[in-house]
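To start, the structure itself, in structure tokens.
There are 4 protein chains.
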Amino acid sequence: MQRFALIGAGFIGGVHGANLAAHPDVDLALVFDIDLARATDLAKRHGSRATTDLAEAFDPTAIDAVLIASSTDTHAEHLRTAATAGIPALCEKPIDLDLARAVDVVRFAETRSLRAMVDFNRRFDRDYAELQRVVTSGEIGSVELIQLTSRGPAMPPLEYVAVSGGQMRDQTVHFFDLARWISGLDPESVFATGSTLAEPRLAEYGDVDTSAVTLRLPGGALVQIDCTRRIGYGYDERIEVLGSTGMVEARRQRAGSVSRYSAGRVVDDGLHAGWFERIRGSYRTALDHFVDALENGAAIGPTLAEALKAQAIAEAAARSLTSGRMEPIEYPV
Amino acid sequence: MQRFALIGAGFIGGVHGANLAAHPDVDLALVFDIDLARATDLAKRHGSRATTDLAEAFDPTAIDAVLIASSTDTHAEHLRTAATAGIPALCEKPIDLDLARAVDVVRFAETRSLRAMVDFNRRFDRDYAELQRVVTSGEIGSVELIQLTSRGPAMPPLEYVAVSGGQMRDQTVHFFDLARWISGLDPESVFATGSTLAEPRLAEYGDVDTSAVTLRLPGGALVQIDCTRRIGYGYDERIEVLGSTGMVEARRQRAGSVSRYSAGRVVDDGLHAGWFERIRGSYRTALDHFVDALENGAAIGPTLAEALKAQAIAEAAARSLTSGRMEPIEYPV
Amino acid sequence: MQRFALIGAGFIGGVHGANLAAHPDVDLALVFDIDLARATDLAKRHGSRATTDLAEAFDPTAIDAVLIASSTDTHAEHLRTAATAGIPALCEKPIDLDLARAVDVVRFAETRSLRAMVDFNRRFDRDYAELQRVVTSGEIGSVELIQLTSRGPAMPPLEYVAVSGGQMRDQTVHFFDLARWISGLDPESVFATGSTLAEPRLAEYGDVDTSAVTLRLPGGALVQIDCTRRIGYGYDERIEVLGSTGMVEARRQRAGSVSRYSAGRVVDDGLHAGWFERIRGSYRTALDHFVDALENGAAIGPTLAEALKAQAIAEAAARSLTSGRMEPIEYPV
Amino acid sequence: MQRFALIGAGFIGGVHGANLAAHPDVDLALVFDIDLARATDLAKRHGSRATTDLAEAFDPTAIDAVLIASSTDTHAEHLRTAATAGIPALCEKPIDLDLARAVDVVRFAETRSLRAMVDFNRRFDRDYAELQRVVTSGEIGSVELIQLTSRGPAMPPLEYVAVSGGQMRDQTVHFFDLARWISGLDPESVFATGSTLAEPRLAEYGDVDTSAVTLRLPGGALVQIDCTRRIGYGYDERIEVLGSTGMVEARRQRAGSVSRYSAGRVVDDGLHAGWFERIRGSYRTALDHFVDALENGAAIGPTLAEALKAQAIAEAAARSLTSGRMEPIEYPV
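Protein chains in written order, with the working numbering: chain A, 1 to 333; chain B, 1 to 333; chain C, 1 to 333; chain D, 1 to 333.
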């Protein structure tokens, strides 16, 4: 039984809280939030205890692991504390929006051998995991081209976007991680171009809402990503991997399986309304993986170093958005 | 090169005429119709010659094969003439709506060793042929259950229905033939029940427009057929065969592959508008088969005897419609 | 907050136990089982209390509702106790395999105005609920034909089958209920024929494993059901409703959305392995409905009377299996 | 009735020959080829006449239109002759691989008001035409992103590739035309990157076999194209257009509609084996369009000027392949 402290009781903290509470090998020992009422609400719902005292959350005599789901600008600090206390951590992405600060804390964590996992939960999505298994097994030969689609249903609020780091660092970064994980390769260079079609005011932040990204992998394989913030038909993700002998696709998912036939057309149930409906299950499987690794002493991942790599791709992509040319990618560690 | 006489220049004669004219191994030598203008129209379109003289059409010195596409009540007579002349025949179904007359001519044809094929063209549909191949190959184990769906887009005119022999003999008979062909077995008994939901006046003819049929095959495998005359969503056919180790399905076909995504739904292209759009291709492949068999001396089929068997099932099904019980099927030859 | 006693801690009791424990408006107050160890195991897992004392479970001062998930032969007795105690009950099907006993307890429950629901949980399946909504809304016109498919992955143990009441009462009965619910009509007559293709020893029990059933509805609409115990390709359910102006289908569901393309073929993820994977979600939505109804005083259903109707259809279908003819259906209440 | 001369009796000439011969409003008057035997073969098959005399083919008193299907390096010359003779022309793409020569002949043709159409036949594909109709109708709002996939089954022979102009000019150019046609806009700039994954020797020709292309449209909409020469799973084309309010997709097409279910998987019929099976029908509909336009005096297109635009995009894309940056597109006319 792993005693967890949950750091952060906002929306995503609530998701993790429910998963922790339902996990047969987890004891949700503590819920920390700087807002006591919020921590208490969540703790009560799951028969846990609330605190605003960080020292409690990182007390290695009472806590076996922390799940960091607080606001983005606190991740690095909590990771540092976890490393100091020697408490394994499952951390929401990103490590820190500032790459230099992120590199700093990762290096520190490495000196302390922190067991940490960044919650790129899409890796644990049933379909993406199966797709990666097919690719890795060699069933489609060697990877030649990857197509990823990431399309959100609605513009996030401008105040969120303003502190998000921009589309590459906030949204596309998940797919940079997936491209690395699926291909098993570190992209060498990236081209990105984007527009503000959904929300013209984004231009004031130097950000885009609609972008097309191309990566080159060692050996010459290519990756295309299309990434948009607001579509009119729900939430749309898909991945397609073309290999030398075949192709494998994780199709866009629909919210139901009902078809209505009338003259000249068939109306099927549409896509999920939002990202959460689509990938909620993968938060649970990611947690399973983390807990299993804790219990069995197995490798934990995606690691902090891997998360840094995805972030490094995002940095180069953001440069390309303004340079209009392919940018080399430099990996910090 | 096979010299063909086409008997009948109506709608289906026109379809056959075009296929004969386009066939590289066929010379459409003659078009017969009792209506000279109609024969001439069709003949001209394909650089052929028209006649109203049956003797010309069945002249074995000038004609290698006949394709009988005239009105239903003349099929038996033309088959008898072909048998007498020793000219191979490809004949539209049915042989004759009256089973006794049909049996008669088939027996006569057998005494003359007539090479004849009844145009149950669905056997030559690309998907149905593949489905039958899968079943026959043993890929799904032994057949346990067959589901067939046959749904037309619109009520045929009452005057047609009045002379059609009724839904079992006119429409369902195609699927009785398919059930035999797919399973390789002669059904032992049949249950049918039906209603007049699309056209209440059908009741005056003792006919139905919506029916559910169940067949029992030797060994206990079952067949279900649903058969309707008028649906609101185009033309719908499908077949599904459940075997002891797997299942194979020839899915309903759509007229196109365009999908339109909007909030909560996906609108795909619908089914074909009518039966002809769905199975037109199979008239050509059926003709290919017949011509190949003529040229190579191979077996020709479905034979007259097989057509009689499908008709015998239809007779028993029609009896069951009124008896409310499973009826044994008696095969005449 | 509704205080529930769970009656029965076997497999399906475990499913209900987890759903009750996770429900925000439910307090799983008590787990009853005749086997104390089993009750204790389940109770512990969810922070509840175990008992072997039925009086505790039906104590109206401590318990607001019971969920009856014990063995089939005890349902009627528990329903009677619930009616006597005035405690609302959610009961697994069937009420009793013996129709007369079932009628008896339903009449008794009616005299006590017992609020009771039989867990025909498929009604609460997301896709079936949507299909029923489409039909009821009139989008496809009036119902003319319903096709239902119910195919299990593997023969249940013979000892289970021996006490199950036979395929019609055990398996097909769910689809009799769905046919009534979707059409809003009580079928008038039924034809059924069946075979023992998967397990020949079933014949000793007068049972079948592969059956084809046809129902006639008032007004002439038809229903076809195919029902098998053992298929080689997982668990397969589907429903299709043909109306006078369109058609609606709840398609067979697959376990994933990954497609693998190679020369000449596309390999998709297959169906769910078993019935539980396919419909587990509907146990939760059925419970939601029951709890909502308790809290809001709304109508509860499917009622005991509705469950009796499905059972009456199964009785007539079982008769037809041996009579070889359409049997009239008599509804007991 | 339009009297056609067919210029070129190779593979694609044979396709056009059959379509011309079957067209009810066309008289295939003449087949020209520099190889008399080849011309004669084709002419015979369709009851036409062969010639090696170009003057005959461009004799305006005997010929109403020419279909230019000869080798690529002769297109420009034949178009010039047609313009001089005042004979409308349907011409296979490209006008000429050398952009300057192509511009020259187009300018000359314009001075003579030549009615000419370049056979970008994909515009006439049933699904692509429907997709374009949906986009143009405004059903999905304004265009924001277009995804095109063009993947061939096998490397063409190196000798072909050597004279093809390279992947951008030979293969991708079709999709440049489609992008313009679907969006109704002339792309402003293009980024392309490519690799030689299927055939390393291509590098000697400065060519690639696997490429990723991005276009920017006026207003900021983006286009992504992936383009490969050799895949292991048949022939694969698809188009997806994301608009501000919805999305429309022309899905990859399969060669059949049969599904085989077994434990854990469903095997469907795969894609077409080659490009010809996929788009053969569009040659016929393109011809229909040209003939209709001739008969009704309607506008003919895609025009020579439009073909030049697609070619200009290909030129800029080819530049980008080596520059590693977005290249502006300059339209010659």
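Each residue gets a CB set at the ideal place from its N, CA and C atoms; glycine is no exception.
Any chain B beta carbon closer than 7 Å to residue i
i, result
"glycine 270 (chain A)", "yes"
"serine 262 (chain A)", "yes"
"valine 258 (chain A)", "no"
"glycine 8 (chain C)", "no"
"leucine 90 (chain C)", "no"
Beta carbon proximity, residue i to chain D, threshold 7 Å
i, result
"glycine 246 (chain B)", "yes"
"glutamate 130 (chain B)", "yes"
"tyrosine 233 (chain C)", "yes"
"glycine 274 (chain A)", "no"
"glycine 47 (chain A)", "no"
Residue range of the alpha helix (DSSP H) that includes residue i
i, result
"arginine 284 (chain B)", "275 to 296"
"isoleucine 12 (chain C)", "11 to 22"
"isoleucine 313 (chain D)", "304 to 323"
Beta strand (DSSP E) segment containing residue i, residue limits
i, result
"alanine 250 (chain D)", "247 to 250"
"arginine 28 (chain D)", "As written in the sequence, residue 28 (chain D) is leucine, which differs from the arginine given in the question. First-last of the beta strand (DSSP E) with leucine 28 (chain D): 26 to 32."
"leucine 6 (chain D)", "2 to 7"
"serine 257 (chain A)", "Element bounds for serine 257 (chain A): n/a, residue is neither H nor E."
"aspartate 269 (chain B)", "265 to 269"
Chain A contact for residue i (CB, 7 Å cutoff)
i, result
"glutamate 249 (chain C)", "yes"
"arginine 265 (chain B)", "yes"
"aspartate 53 (chain C)", "no"
"glutamine 253 (chain C)", "yes"
"serine 137 (chain D)", "no"
Neighbour flag for residue i against chain C, beta carbons, 7 Å
i, result
"arginine 3 (chain A)", "no"
"phenylalanine 191 (chain B)", "yes"
"aspartate 125 (chain A)", "no"
"glutamate 144 (chain B)", "yes"
"glutamine 224 (chain B)", "yes"
"glycine 220 (chain B)", "yes"
Q: Enumerate, from N- to C-terminal direction, the unbroken beta strand (DSSP E) stretches of 3 or more residues contained entirely within the segment 193 to 237 of chain B.
A: 210 to 216, 222 to 228
Q. Whole beta strand (DSSP E) runs in the segment 43 to 77 of chain B with 3 or more residues, listed along the chain?
A. Unbroken beta strand (DSSP E) runs of no fewer than 3 residues, entirely contained in the segment 43 to 77 of chain B, are found at 65 to 68, following chain order.
Q | Cβ pair count under 8 Å reaching 3, the segment 161 to 175 of chain C against the segment 252 to 266 of chain C | A | no
Q: Return the chain-ordered ranges of every beta strand (DSSP E) run that is complete within the segment 105 to 179 of chain B and spans a minimum of 3 residues.
A: 116 to 118, 143 to 151
**Q.** 3-residue-minimum beta strand (DSSP E) runs that sit fully inside the segment 75 to 99 of chain D, ordered along the chain
**A.** 89 to 91
(Q) Short of 7 Å Cβ to Cβ, which residues in the segment 153 to 184 of chain C face chain B? (A) none
Q: Could you please tell me which residues of the segment 294 to 326 of chain B, in chain order, have their CB closer than 7 Å to any CB of chain C?
A: The segment 294 to 326 of chain B vs chain C, Cβ under 7 Å: Gly324, Arg325, Met326.
Q. Can you list, in chain order, the residues of the segment 195 to 215 of chain B whose Cβ is nearer than 8 Å to any Cβ on chain C?
A. Listed by position along the chain: Ser195, Thr196, Leu197, Ala198, Thr210, Ser211, Ala212, Thr214.
Q. For the 8 Å Cβ check, are there 3 or more pairs between the segment 190 to 201 of chain C and the segment 116 to 127 of chain C?
A. no
Q: Spell out a yes or no on whether the segment 7 to 22 of chain A and the segment 276 to 284 of chain A are touching, meaning 3 or more CB-CB pairs, one atom from each, closer than 8 Å.
A: yes
Q) For the segment 198 to 215 of chain D against the segment 100 to 113 of chain D, are there 3 or more C-beta pairs whose distance is under 8 Å? A) no
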